[in-house]
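Protein sequence lines, in the order shown, are assigned to chains A and B. Quick note on the numbering used here: the first sequence kicks off at -6 and runs consecutively. Quick note on the numbering used here: the second sequence kicks off at -6 and runs consecutively. Working notes, beginning with the structure itself.
There are 2 protein chains.
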Amino acid sequence: MATISDVASRAGVSTATVSRALNGKSSVDPELAARVLAAAAELGYRPNGPARNLRRQETAVLALIISDVENPFFTAIARGVEDVAHAAGYSVVLCNSDDEPDKEHEYIDVALQERMAGVLLSPTGRGDSAELLSRNRTPVVAVDRPLPNSTGDTVLVDSRLAARQATEHLAEQGYRRIGCLTGPSGVPTADDRLAGYRDGLRAERLPRSDTLVRRSEFKAAGAKEAARSLLSQPEPPDAVLVANNMMAVGVLEAMAELGVRPGRDVGVVAFDDAPWATLLDPPLTVVAQPAYDMGAVAAQLLLGRISGERTEATTTTLSAHLVVRASSTRS
Amino acid sequence: MATISDVASRAGVSTATVSRALNGKSSVDPELAARVLAAAAELGYRPNGPARNLRRQETAVLALIISDVENPFFTAIARGVEDVAHAAGYSVVLCNSDDEPDKEHEYIDVALQERMAGVLLSPTGRGDSAELLSRNRTPVVAVDRPLPNSTGDTVLVDSRLAARQATEHLAEQGYRRIGCLTGPSGVPTADDRLAGYRDGLRAERLPRSDTLVRRSEFKAAGAKEAARSLLSQPEPPDAVLVANNMMAVGVLEAMAELGVRPGRDVGVVAFDDAPWATLLDPPLTVVAQPAYDMGAVAAQLLLGRISGERTEATTTTLSAHLVVRASSTRS
DNA sequence: ATGAAAGCGCTAACAT
DNA sequence: ATGTTAGCGCTTTCAT
């Protein structure tokens, strides 16, 4: 593949001039610049990225580390990130941590090794990622979940408030034994949603019973099992709050198997809107999170930090909103 | 950040020895190697990727260019790719082309510029990507769709046969006016599925009528519009074959609006299985594609080609299978 | 088995 | 405005 000196000799100039012309620097004679551009085009010249990155001591690449590319919530975030990054001339490397600290660590290592400009991270919670990055002066922005003891920027959703509102909504609809299916203990979003659920019970003066709470992984299979257990106990709940969309699939499967009809028999509200939520019978009431915006905001913060314009850490909290459909209305 | 010479001086050896020790080369005194490793750990040394890539004239990064990260079919492919790549020590950069040749081109440029080891591409069909890559000796594997005039490896699904089988299934269930909603003309998967649908009609000796065919983008919004038009004509179809999962959402929305019940009033089969397909009432009959496997196979082929073990181009065709549920059974 | 030194392709400081 | 040149951090001959 052609190098800068090939272009230089073809255009009859020095490599410095080629570099300047190609990077649109001022102070290059228009006529020479044209000759350079022509030569480059003829040779199909493409600057060598690694060489440029080595010399510049920086790259235009961001890492986005999420727990699951197959979760629509995270892909929506990814879109937001990519649109912003791309517009600013940055590429995005998407990595799956599968919520395993080891994998997360591994990808952080890659990001560091490749000297990527910054990292967007939805942290597993355990692991030393934050420290690793800050020690190496690589900017980080945490998305969806806060970084353990972070000094960095964070973009969150007010899950707790949203969970409380969802719970209150169920209570207002006349449900009295409201249950909650949430994610693993220690995962902030899981714990926040549970806390918000309890806030809601308290506000509605409903008794709090731990037999109405189940935890599982944020996945369909685990949630299905948890829902079976929750719904087949002697005094089952008359409504449930489900902490994410993958879990919702499992819960609805379990309900179908048990012959429990959403809405009529047991009210259901789930976190995360999905295109298929309206196709269900009854349509699913959801807590819609602004996932795309979270990604976009996070990317913007990261780019700002990369260009060194801010120093103080910021936390941006976006709000989710309840979309009421028939799975949570008794009528 | 620490460099190789920092490690060398700390360990009291030359940079060459550090390099050898760290890369596990033979012929390094065990005692020295241990000293090097210790020094590297103490300094938190991480090899500089760009420098290494420049020197080696190769990178351990693959590009995966797909049309939409929010389409579960493609994310399943991405999983397959990533698992295989990761196991072989490669990273994957995921890029959205949005099915626009310009964006595709742009990402190919990035891949070339960064000297990525290879490219996995689901081509928009138009555009000169294949030529661009081959001219620069970068291996490509096409996934889901063939490359226009490619010499490279290809991993496909036998969409045409699957569409034919789905159509025959509908005919066997007693549907007589079967319609088809497919993707844009010129997109191979869209055209293949239409051709398979026609194969099915022919095999079942059903008349072929172009008033029963609609095309739209492979997205919900367009498909919804197309379904409205298809279903509200004087002589509407009594069943439809839908060419992908995003379109299925739109089609089902349109049916709900028009008061047309899937299965009972109009039989429905859609390409791509989804977790929510069983939650619908009636559950959705689908053509399940082996997306994960496609990604895994494609990645394997690409890695093989990168290591130069094959030269002839291969085409791998995987088969899809019909998963019959109640949306296509009249009973 | 180890070290010295060249050089990958580029950019930027310096010189003109 | 343009050219000369040093050097980014690493790997890999080539000597020893």
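Don't be surprised by glycine CBs; every beta carbon is placed ideally from N, CA and C.
Can you pull the chain A neighbours of N41 (chain B), defined as C-beta to C-beta under 8 Å? Simply L47, Q106 and R108.
Under a CB-based cut-off of 7 Å, is P276 (chain B) close to chain A? Look at P276 (chain B): its C-beta is not under 7 Å from any C-beta on chain A.
Determine the extent of the beta strand (DSSP E) in which G260 (chain B) is found, giving its start and end residues. Run containing G260 (chain B): G260 to F264, per the beta strand (DSSP E) assignment.
State the start and end residues of the unbroken beta strand (DSSP E) segment that holds T308 (chain A). Counting along the chain, T308 (chain A) sits inside the beta strand (DSSP E) bounded by residues T308 to L311.
Output, in sequence order along the chain, the residues in the region 262 to 292 of chain B whose CB is closer than 8 Å to any CB in chain A. Of all residues in the region 262 to 292 of chain B, A267, P268, W269, T271, L272, L273 and D274 have a Cβ within less than 8 Å of some Cβ in chain A.
Quick one: what does DSSP say T68 (chain B) is sitting in, helix, strand or coil? Correct three-state label for T68 (chain B): helix.
Within 10 angstroms of its Cβ, does D266 (chain B) collect 16 or more other Cβ (buried), or is it exposed? Counting Cβ neighbours within 10 Å, D266 (chain B) comes out buried, since at least 16 surround it.
Cα separation between R254 (chain B) and M248 (chain B)? Their backbone Cα atoms lie some 7 Å apart in a straight line.
Should A219 (chain B) be flagged as near chain A, meaning a C-beta pair shorter than 7 Å? Taking Cβ atoms only, chain A never reaches closer than 7 Å to A219 (chain B), which makes this a no.
Inter-residue Cα distance where the pair is D76 (chain B) and A289 (chain B): Between the alpha carbons of D76 (chain B) and A289 (chain B) lies a gap of roughly 7 Å.
Quick check: is the beta carbon of V0 (chain A) nearer than 7 Å to any beta carbon in chain B? Chain B has no Cβ within less than 7 Å of the Cβ of V0 (chain A).
Sequence-distant residues of the same chain with beta carbon closer than 8 Å to P276 (chain A), five excluded per side: For P276 (chain A), where only same-chain residues beyond five positions count, the Cβ hits under 8 Å are A270, R318, A319 and S320.
What number of angstroms, rounded off, separates the C-alpha of A292 (chain B) from the C-alpha of G73 (chain B)? Between A292 (chain B) and G73 (chain B), the C-alpha separation is close to 8 Å.
Starting from T160 (chain A), trace the beta strand (DSSP E) both ways and give me its first and last residue. No beta strand (DSSP E) holds T160 (chain A); the alpha helix (DSSP H) holding it covers S152 to E165.
Using CA atoms only, rank isn't needed, just tell me which of B:P230, B:D184, B:L315 and B:D(-1) is closest to Y38 (chain B). When B:P230, B:D184, B:L315 and B:D(-1) are compared, the shortest CA-CA separation from Y38 (chain B) is found for B:D(-1).
Which whole-angstrom value describes the C-beta separation of I171 (chain A) and L125 (chain A), a residue pair presumed to lie in contact below a C-beta threshold of 8 Å? The C-beta distance from I171 (chain A) to L125 (chain A) rounds to 41 Å, too long to meet the 8 Å contact threshold.
Please report whether the beta-carbon of E63 (chain B) lies at a distance below 7 Å from any beta-carbon of chain A. Yes, because at least one Cβ of chain A sits closer than 7 Å to the Cβ of E63 (chain B).
With a threshold of 16 other CB atoms inside 10 Å of the CB of Q282 (chain B), please say whether the residue is buried or exposed. That one is buried.
Is there at least one Cβ from chain B nearer than 7 Å to V103 (chain A)'s Cβ? At least one C-beta of chain B is nearer than 7 Å to the C-beta of V103 (chain A).
Near T322 (chain B), what residues of its chain come up, given a Cβ to Cβ distance below 6 Å and the 5 sequence neighbours on each side ignored? Cβ within range, chain order: Q166.
How far does the beta strand (DSSP E) with T175 (chain A) in it extend, from its first residue to its last? First-last of the beta strand (DSSP E) with T175 (chain A): I171 to T175.
Less than 6 Å between C-beta atoms, sequence neighbours within five positions excluded: which residues of the same chain meet that for V206 (chain B)? Taken in chain order, the residues that qualify are C173.
Considering only their Cβ atoms, is the gap separating I299 (chain B) from G111 (chain B) smaller than 7 Å? Using a Cβ distance threshold of 7 Å, G111 (chain B) and I299 (chain B) count as a contacting pair.
Between S84 (chain B) and chain A, is the shortest Cβ-Cβ distance under 7 Å, so that the two count as touching? Taking a beta-carbon distance threshold of 7 Å, S84 (chain B) counts as an interface residue toward chain A.
What residues in its chain sit with their C-beta under 8 Å from that of S7 (chain A), if we drop five residues either side in the sequence? Cβ neighbours of S7 (chain A) beyond the five flanking positions: A1.
For D92 (chain B), which residues from the same chain have a beta carbon less than 6 Å from its beta carbon, with the 5 sequence-adjacent residues on both sides left out? Its chain contains S60 and T117 as the residues whose beta carbon lies nearer than 6 Å to that of D92 (chain B), once the 5 sequence neighbours on both sides are disregarded; these appear in chain order.
Chain A partners of G37 (chain B), CB-CB under 9 Å? Chain A residues near G37 (chain B): L125, R128 and N129.
Would you kindly work out how many angstroms separate the C-alpha atoms of A(-5) (chain B) and P40 (chain B), rounded to a whole number? Each residue's alpha carbon lies about 9 Å from the other.
For N89 (chain A), return the contacting residues in chain B, with the cut-off set at a CB-CB distance below 8 Å. When 8 Å is used as the limit between beta carbons, N89 (chain A) is near these residues of chain B: R72 and E75, in chain order.
Could you check if D22 (chain A) is buried or exposed, using at least 16 other CB atoms within 10 Å of its CB as the buried criterion? Exposed, because fewer than 16 other Cβ atoms sit within 10 Å of the Cβ of D22 (chain A).
Starting from L234 (chain B) and walking both ways along the beta strand (DSSP E), at which residues does that stretch end? Counting along the chain, L234 (chain B) sits inside the beta strand (DSSP E) bounded by residues A232 to V235.
Relative to the C-alpha of A69 (chain A), which residue among B:N89, B:A78, B:Q50 and B:L55 is closest? Of the listed residues, the one whose Cα sits closest to A69 (chain A) is B:N89.
Can you tell me which of the three DSSP states N46 (chain B) falls into? Three-state result, N46 (chain B): helix.
Considering only DSSP beta bridges, list what A241 (chain B) is partnered with. According to DSSP, which records beta bridges pairwise, A241 (chain B) is partnered with nothing at all.
Check the Cβ of A69 (chain A) against every Cβ in chain B and list those closer than 8 Å, keeping chain order. Ordered by position in chain B, the residues that pass the 8 Å Cβ test against A69 (chain A) are E63.
Three or more beta-carbon pairs under 8 Å between the region 153 to 164 of chain B and the region 211 to 221 of chain B, yes or no? No: the two stretches stay apart, fewer than three of their Cβ pairs being nearer than 8 Å.
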